[in-house]
Each structure stands twice: as C-alpha cells, then as structure tokens.
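In full-length UniProt numbering, the protein residues as written are 1 to 344.
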C-alpha cells in the first residue's frame, strides 16, 4: 500500500480515519464490492449460488449437503482471518468444537430448538475466543499460528479429560433436532431448516469485509505499521475480526453437531483446523466464494472416496492440494476472479 496509491484512492472507496488521524486508509480491490466483476455478474453469481444451495440435497445425499454447508461456514471464518486480516490460524478447531459440544449439551439437557442451541454454541465459541484472541493478536506470522494451535490443543485435552460433561472418547450421542415439534429426523428436511442459519452466517462475513471495517482489516493486512500510524487501533481490529471469525466457525460447528446428532473429539483435533486451511487455499484466499467452492469440492471428494471403499483419503486430497497449489496459484475461485478482473 504505497503513498502514491493512497493519494490516488477514490473518495467513494476511502475509509474515514478516527479523529486526529492523518489520512484515510485506501480500500484494497479484494475487499471492495464492484471492482472485481461487473455488478450484473455478481448478482447473477449470487442467484446461481442460491439455486445451487436449494438444489443441493436433491443432487447429493442430504448428509453430504449438510456437511458442505457446515464446512463452508468454517472455511469462510478461517478466510476472514487469513485472507482479509493476514492471520494464519491453526487452532480454529477449538471454536468449531467448543460450539459443537455446547450446542449438543444445550440440545440434550435443555431440549432447546436447534437454532437457539446453535446460537448458544456460537456464543460459547466467542467467549473462548476473547482470551485466546487477546493474547494471539499481539503476535504475527508463525507465532500467531503457534499460539492458536497451542490453545486448541489445550481445549482438546480438557475435553478429553472432562468425561463427566463431554463423555470423553465416547462423545455426545443422540443429539436431538428439536424445532417446535417439527419432524427433522430426515436430513433432507433438516438441510432446509438449517440453510437460513448458513446463509445468515455467510452474509454476516460478506457484509463485514465489504464495509469500512473490512477495508481497515485489509489495510492492516497490507501494512500494519502504517495503519497504526494513521491512528487505527490495530490490535482491536484484529481482535474484532478474530471474534467474528470464531462466531462464524461456531455456527458451522453447532450445525455440524446437530446434523450428525453426535459430537466426538475429532471436532477439536488439530487436523480439523488443517482441513479448513486446505479448503481455503484450494478455493482461493481472500475471496469468500473460494472457501465455499473448496468446501463443496473437498467434502464431495471425501464422500466419493469413502463410498468407493478407498481408505487412504488423506493421500488423495493431499496430492490434489499440491497439484492445485502448483497449477492454480490463487486457488480455484481466485483464478476465476483474476481472469475476470483482467478481462474487465
């Protein structure tokens, strides 16, 4: 973010600095709506995505469709940090898993409607993210990643040892899908009941990154020293992004628990965080649509390999990840948007 670019930024895309700041922070193209593709094409893509979401459980097993929706939320949450704030988290499974356990316990013990239970689970993830984020955002690069990973492993250990609550290795079983007396035992109907929550979570992140708040995050990602010099509280913005990311991951984790009606220690394992990062990189970092596409591709591939009886699923997904990184340097969706930007 050079001085020349800052001086040339259009007034319609600037972010107002706090009182006493020297100059506005320019918005990066990746964080502005309407600069990558034409407006009509963006609305067309949004409409197509809605149609695909409505069709999904008819073309796939409803359970796979639910998994795609949950992993899409999780991956978008990771992309908010990685793509728009420049923070690589290897410990987001802590928030995904904490929400899954909190949602399952609320549904089992209190019999709450599943949307309320999922919201409570997401709020539990935010409560956990406050101390974790407060300490982690003061670090950068690999140190931030290691701090988040360390906290996630602590949460995994606590969940494994706190058997009176989490049931240890047995996990939470028969998590109910209560919704005001409606019969949601069929995954097909549950998918459509959960879809508004997924859409709400995705819209929340989309609105955040296309607001002045999101533009400041991009400025912090590109040049934190200059953003700090302009008067922006960098650590506070990072913490706010961290909490929003934890909340979104919590929505996905809670729906995952209700969808499977079972919560195991796997939701807290570090490999769960690694899978989310792989999905983001495959789809395209800093695109929001990319993680959704990546979640659909990875989940569908794993389901197909499992159905075919192939046991070394990680070997195949790892090889595809390497090839995708070598061929599509910006990820699948990132490559598409780059091509559209060049044509525009």
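Note that the Cβ used here is the ideal one computed from N, Cα and C, for glycine as well.
Tell me the residue span of the alpha helix (DSSP H) that contains residue i.
i: residue 312; result: Neither: residue 312 is in no alpha helix (DSSP H) and is coded neither H nor E.
i: residue 67; result: 62-82
i: residue 279; result: 270-283
i: residue 305; result: 289-307
i: residue 178; result: Where residue 178 is concerned, there is no enclosing alpha helix (DSSP H), given that its DSSP letter is neither H nor E.
i: residue 222; result: 212-222
i: residue 44; result: 39-59
i: residue 114; result: 114-136
i: residue 207; result: 187-209
i: residue 236; result: 234-260
i: residue 153; result: 142-161
i: residue 95; result: 93-110
Could you pull out every residue in the same chain whose Cβ sits closer than 8 Å to the Cβ of residue i, ignoring the five residues on either side in sequence?
i: residue 21; result: A caution first: residue 21 carries a pLDDT of 43, below 50, which makes its placement in the model unreliable, though a value can still be read off. Hits under 8 Å: 230, 231 and 232.
i: residue 321; result: 278, 281 and 282
i: residue 171; result: 262, 263, 264 and 265
i: residue 310; result: 316
Within its chain, find whatever has a CB closer than 6 Å to the CB of residue i; leave out the 5 residues flanking it on each side and keep chain order.
i: residue 302; result: 313
i: residue 132; result: 151
i: residue 173; result: 262
i: residue 71; result: 295 and 299
i: residue 165; result: none
i: residue 324; result: 282
i: residue 89; result: 81 and 148
i: residue 259; result: 66
i: residue 205; result: 76, 80 and 248
Quick one: using the 10 Å Cβ neighbour count with 16 as the cut-off for buried, is residue i buried or exposed?
i: residue 315; result: exposed
i: residue 334; result: buried
i: residue 96; result: buried
i: residue 289; result: buried
i: residue 51; result: exposed
i: residue 201; result: buried
i: residue 41; result: exposed
i: residue 127; result: exposed
i: residue 219; result: buried
i: residue 83; result: buried
i: residue 308; result: exposed
i: residue 44; result: exposed
Check each candidate in the options and name the one with the smallest Cα separation from residue i.
i: residue 169; options: 160, 250 and 175; result: 160
i: residue 148; options: 45, 93 and 63; result: 93
i: residue 59; options: 256, 191 and 138; result: 191
i: residue 124; options: 306, 184, 67 and 251; result: 251
i: residue 66; options: 186, 277 and 146; result: 186
i: residue 306; options: 64, 162 and 327; result: 64
i: residue 55; options: 141, 69 and 43; result: 69
i: residue 61; options: 189, 140, 127 and 218; result: 189
i: residue 176; options: 111, 134 and 318; result: 111
i: residue 242; options: 279, 212 and 85; result: 85
i: residue 332; options: 309, 284, 310 and 338; result: 284
i: residue 74; options: 163, 338 and 275; result: 275
i: residue 178; options: 297, 91, 113 and 122; result: 113
i: residue 137; options: 45, 236 and 127; result: 236
i: residue 87; options: 57, 304, 142 and 130; result: 142
i: residue 254; options: 120, 44 and 218; result: 120
i: residue 139; options: 311, 239, 246 and 304; result: 239
i: residue 144; options: 109, 91, 130 and 117; result: 91
i: residue 317; options: 297, 330 and 326; result: 297
i: residue 134; options: 273, 287, 234 and 338; result: 234
i: residue 330; options: 319, 304 and 287; result: 287
Please list, in chain order, all residues of the same chain as residue i whose beta carbon is under 7 Å from its beta carbon, the five residues on each side excluded.
i: residue 208; result: 214 and 244
i: residue 48; result: none
i: residue 257; result: 100, 103, 104, 175 and 263
i: residue 184; result: 177, 190 and 193
i: residue 328; result: 335
i: residue 180; result: 113
i: residue 122; result: 99, 247, 250, 251 and 254
Verify the CB distance criterion: does residue i have a CB-CB separation below 7 Å to chain D?
i: residue 189; result: Absent from the structure is chain D; it holds one protein chain and no more.
I'd like to know if the stretch 156-175 and the stretch 262-276 are in contact, where contact means that at least 3 CB-CB pairs between them fall below 8 Å. In short, these stretches touch, since the Cβ pair count reaches three.
I want to know whether the stretch 219-227 touches the stretch 189-196 - three or more CB-CB distances under 8 Å. Taking 8 Å as the limit for Cβ pairs, the verdict is that the stretch 189-196 does not touch the stretch 219-227.
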